[in-house]
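Worksheet: the structure to be examined is printed underneath.
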Amino acid sequence: MKGINKKNKTTKSDEYIEIFGAREHNLKDVDVKIPRNQLVVITGLSGSGKSSLAFDTIYAEGQRRYIETFSSYARQFIGGLERPDVDKINGLSPVISIEQKTVNKNPRSTVGTITEIYDFLRLLYARASIAYSYVTNEKMVRYSDAQIIELISEKYLGKTITLLSPLVKGRKGHYRELFEQVARKGFLRVRVDGSSEKIKHRMQVDRYKTHDIELIIDRLTVENVSAKRLKQSILTALKEGKGQLMLLEDDEKTVRFFSRSLMCPTSGVSYDEPAPNLFSFNSPYGACRKCNGLGEVREVDEKKIIPDPKLSIKKGGLAPLGEYKKNWVFKQIELLGEKYGFNLNTPLEEISKETINVILYGTNEQLEIKSDTLGITQSFNISFEGVSNILKDQFDDGSSQNYQRWASAFMNKVPCTECEGSRLKKEALYFRFDDRNIAEIAAMEISEIHKWLEGVETRISEKQNKIASEVVKEIRGRLQFLLDVGIEYLTLNRSSRTLSGGEAQRIRLATQIGSQLTGVLYILD
Ligand SMILES: [Zn+2]
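Below you can see the structure in the form of structure tokens.
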């Protein structure tokens, strides 16, 4: 081993870490002094004992002493650590090891989540972003009651308007109880799917259709003298609409929405107040519903189901089913063949494309199956769901890991079409800070994000600045650490599974520096 001072003399322990008689593994009773507060490199041939000294002696002893400080109650869960084979170590600080092991096999872990930068971005977007409607791309608005009253009495002065409370938006149901409820409160009219109706006794709508239902609160001409009535009706409409109000103009057919929470003024689409978990693909509040926040979905690959079209079904041409067995699926395909003109000995390449589609994706046509059990002949009508759908069901079901593994062998991972790989649900992507949504930031290289944040203060509003400045400072600091360790080319959405050992180590080092502990001994490999 080179690079280490090998004198055996006791010095002050705040200058050196002193190790006496290290014999772990192949170490031959080594005494060393390692200067503190410096970057010290241990070099040597493979097998010369570098790791035995750094990890198995210094790190192990540091860990052991740390755990010794725990109560015996806590220690029984962690388990005691064995003392490394060494006579004495002086001047040891708390030890943290940062190894080159790949960080995290979890598909939900990204550079952004392990560096915590994404957590701060979520906070930034929850607090200081601007919401836009995903229907019209208009800025979402939120008003106080007083603002709503003022806006309506100014904008609609002299006009006749109807004030309504939205009760049901695009949902199925017969809503009998709802009509009863509002009738009991003394309301007389509702608007059902765009047309005004008097509330009748035992009124209900088609339960299998989706409906829009609003309660009609008042119809009035906005004049100064009617200020009191207008105000009263607006407040009633907001109360019945749970904070939302819909306004219909008599002459034009335009609809306008006003709300105490974020709402698109044209379409009436509303968002909940943004919280950090709206921007988390690891939370049900933020994750894309199609891919559950993974950004990719599994799709059945036809080429994997039929790897060799020269084979017949009997000879195992449908790979997931294997060679012919006497079972239900083969029985169904056989019946399918009677209908579509093939049999189990027909090579798959001789079966028409349309028929292959039926084999893979099923048919709703009824197949008649005669069952001859116990001497009674019965016939059943069944429909075939298709080999591809059988695989998909097994995979999505997830109750058996074996079936899931079997099914996944015939599937490919493809980017999710719903979120385009961003992992987030649609509305989360319509919150923008300095004109960018959080997924766009996560897709930028670390150096680009750093550049983007430079001077961001001059591009956002004063109010945004006030809320955002602390969080932006925190993000900048962490980005700087990542730049310092030379991984400026990584993006925050990069899955940590795909990082090299060295990249993972640098990230952990940067995160450690970011945690601002002092007097810590770091051991790296
Ligand atoms: Zn998705």
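In terms of this note's numbering, the sequence shown opens at residue 23 and continues consecutively. Where is the CB? At the ideal position from N, CA and C, for every residue including glycine. These figures come from a predicted structure and were not determined experimentally.
Contacting residues, own chain, Cβ-Cβ under 6 Å from VAL117 (five flanking each side not counted):
Looking up residue 117 in the sequence shown gives position 95. Around VAL117: TYR81, GLY84, LEU543.
Should PRO342 be labelled buried (16 or more other beta-carbon atoms within 10 Å of its own) or exposed?
Here residue 342 is taken as the residue at index 320 of the sequence shown, counted from 1. Its Cβ being crowded by 16 or more others within 10 Å, PRO342 is buried.
Secondary structure at ILE238, three-state DSSP: helix, strand or coil?
Position 216 of the sequence shown, counted from the start, is the residue given in the question as residue 238. The answer is strand: DSSP assigns ILE238 an E or B state.
3 or more residues per run - each beta strand (DSSP E) lying fully within the stretch 295 to 328
318 to 322
Are LEU49 and SER74 closer than 8 Å when you measure CB to CB?
On the sequence shown, position 27 is the one that residue 49 refers to. On the sequence shown, position 52 is the one that residue 74 refers to. Yes, the pair counts as a contact, with Cβ atoms nearer than the cut-off.
As assigned by DSSP and simplified to three states, the class of THR137:
Residue numbering aside, residue 137 sits at position 115 when the sequence shown is read from its first letter. Correct three-state label for THR137: coil.
Top-ranked residue by Cα proximity to SER302, from ALA76, ARG144, GLU407, THR137:
Counting from one through the sequence shown, the residue named residue 302 turns up at place 280. Among ALA76, ARG144, GLU407, THR137, the Cα nearest to that of SER302 belongs to ARG144.
With respect to 7 Å, is the separation between the Cβ of GLY317 and the closest non-hydrogen atom of ligand 1 below this value?
For the purposes of this step, residue 317 is identified with residue 295 of the sequence shown, where counting begins at 1. GLY317 Cβ: within cutoff of ligand 1.
Can you tell me where the beta strand (DSSP E) holding VAL212 begins and where it ends?
Here residue 212 is taken as the residue at index 190 of the sequence shown, counted from 1. VAL212 -> beta strand (DSSP E) spans 211 to 214.
Under 5 Å, CB to any heavy atom of ligand 1. Which residues pass, going along the chain?
CYS310, LYS312, CYS313, CYS438, GLU440, CYS441
Alpha carbon to alpha carbon, what distance is there between PHE201 and LYS194?
Here residue 194 corresponds to residue number 172 of the sequence shown, with the count starting at 1. Here residue 201 corresponds to residue number 179 of the sequence shown, with the count starting at 1. The straight-line gap from Cα to Cα measures roughly 15 Å.
Bridge partners for TYR38 per DSSP, in chain order?
Locating residue 38 in the sequence shown gives position 16, where the first residue counts as 1. Beta-bridge pairing links TYR38 to PRO57.
For LYS161, write down the residues that DSSP places opposite it in a beta bridge.
As a first step, residue 161 is located in the sequence shown; it is residue number 139 there, counting from the start. TYR154, per the DSSP bridge assignment.
With DSSP run on the structure shown, which of helix, strand or coil describes ILE80?
Here residue 80 refers to the residue found at position 58 when the sequence shown is read from its first residue. Three-state result, ILE80: helix.
SER187 and LEU237 - do their beta-carbons sit closer together than 8 Å?
Counting from one through the sequence shown, the residue named residue 237 turns up at place 215. Counting from one through the sequence shown, the residue named residue 187 turns up at place 165. Yes; because the gap between Cβ atoms is below 8 Å, this pair is in contact.
Mind listing, in chain order, the continuous alpha helix (DSSP H) runs of no fewer than 4 residues lying wholly within the stretch 452 to 493?
460 to 464, 468 to 475
For the stretch 434 to 445 and the stretch 314 to 329, state whether three or more C-beta atom pairs, one from each stretch, are separated by less than 8 Å.
yes
Please work out which residues of its chain come closer than 6 Å, Cβ to Cβ, to GLU467, disregarding the five sequence neighbours upstream and downstream, and give them in chain order.
The residue labelled residue 467 in the question sits at position 445 within the sequence shown. Contacts found: TYR511, THR513.
For CYS286 versus GLU160, is the C-beta spacing smaller than 8 Å?
The residue you call residue 286 lines up with position 264 of the sequence shown. The residue you call residue 160 lines up with position 138 of the sequence shown. Cβ distance < 8 Å, so CYS286 and GLU160 count as in contact.
Taking Cβ to Cβ, would you say VAL409 is nearer than 8 Å to ILE335?
Counting from one through the sequence shown, the residue named residue 409 turns up at place 387. Counting from one through the sequence shown, the residue named residue 335 turns up at place 313. Their beta carbons are not under 8 Å apart, which means VAL409 does not touch ILE335 by this criterion.
Report yes if the C-beta distance between GLN527 and LEU546 is below 8 Å; otherwise report no.
Residue mapping note: residue 527 aligns to position 505 of the sequence shown, counting from 1. Residue mapping note: residue 546 aligns to position 524 of the sequence shown, counting from 1. Cβ atoms of GLN527 and LEU546: closer than 8 Å.
Closest to ARG149 by C-alpha separation, out of ARG454, GLU476, SER522, would be which residue?
Position 127 of the sequence shown, counted from the start, is the residue given in the question as residue 149. That would be ARG454, whose Cα lies nearest to the Cα of ARG149.
Give me the Cβ distance between VAL322 and PHE432, rounded to the nearest whole Å; I'm assuming they're in contact under 8 Å.
Reading the sequence shown from its first residue, position 300 is the one you call residue 322. Reading the sequence shown from its first residue, position 410 is the one you call residue 432. Going by Cβ atoms, the distance from VAL322 to PHE432 rounds to 6 Å, so yes, they are a contact pair.
Those residues which DSSP pairs with GLU271 across a bridge:
As a first step, residue 271 must be located in the sequence shown, where it is residue number 249. Partner(s): ILE183.
Distance between LEU242 and GLY180 (C-alpha atoms, nearest Å)
Counting from 1 along the sequence shown, the entry for residue 180 is found at position 158. Counting from 1 along the sequence shown, the entry for residue 242 is found at position 220. Rounded to whole angstroms, GLY180 to LEU242 spans 10 Å at the Cα level.
DSSP state of PHE279, grouped into three classes?
Indexing the sequence shown from 1 puts residue 279 at position 257. If DSSP states are grouped into helix, strand and coil, PHE279 belongs with the strands.
In whole angstroms, what separates the C-alpha of PHE77 from that of SER119?
Indexing the sequence shown from 1 puts residue 77 at position 55. Indexing the sequence shown from 1 puts residue 119 at position 97. Answer to the nearest angstrom: the Cα atoms are 8 Å apart.
Quick check on GLU525: buried or exposed, where buried means 16 or more other Cβ atoms within 10 Å of its Cβ?
Against the sequence shown, residue 525 aligns to sequence position 503. Burial call: buried.
Do ARG58 and TYR38 count as a contact pair if the criterion is CB distance below 8 Å?
Here residue 38 refers to the residue found at position 16 of the sequence shown. Here residue 58 refers to the residue found at position 36 of the sequence shown. The answer is yes: Cβ separation under 8 Å.
Hey, HIS196 and ASP215 are a contact pair by Cβ (cut 8 Å); roughly how many whole angstroms apart?
Numbered from 1 along the sequence shown, position 174 holds the residue referred to as residue 196. Numbered from 1 along the sequence shown, position 193 holds the residue referred to as residue 215. So it is not a contact: roughly 14 Å between Cβ atoms.
Whose C-beta lies closer than 6 Å to the C-beta of ASN459 among residues of the same chain, with five residues either side of it excluded?
As a working mapping, residue 459 is identified with position 437 in the sequence shown. Within the same chain, ASN459 has close Cβ partners LEU451.
Measure the alpha-carbon distance for LYS220 versus LYS275 and round it to whole angstroms.
Numbered from 1 along the sequence shown, position 198 holds the residue referred to as residue 220. Numbered from 1 along the sequence shown, position 253 holds the residue referred to as residue 275. Each residue's Cα considered, the two are about 20 Å apart.
Taking a contact to mean a Cβ-Cβ separation below 8 Å, would you say VAL493 touches PHE142 in this structure?
The count along the sequence shown starts at 1 and reaches residue 493 at position 471. The count along the sequence shown starts at 1 and reaches residue 142 at position 120. In this structure, PHE142 lies closer than 8 Å to VAL493 by Cβ.
If we ignore side chains and look at the alpha-carbon of each, how far apart do SER218 and SER305 end up?
Numbered from its first residue, the sequence shown carries residue 218 at position 196. Numbered from its first residue, the sequence shown carries residue 305 at position 283. Rounded to the nearest angstrom, the two C-alpha atoms are 41 Å apart.
TYR383 and ALA153: beta carbons closer than 8 Å?
Position 361 of the sequence shown, counting from 1, holds the residue named residue 383. Position 131 of the sequence shown, counting from 1, holds the residue named residue 153. No, the pair does not count as a contact, with Cβ atoms beyond the cut-off.
8 Å contact criterion, which ARG282 and LEU260 should meet: CB distance rounded:
As a working note, residue 282 is residue 260 in the sequence shown. As a working note, residue 260 is residue 238 in the sequence shown. Rounded, the Cβ-Cβ distance is 7 Å, consistent with contact.
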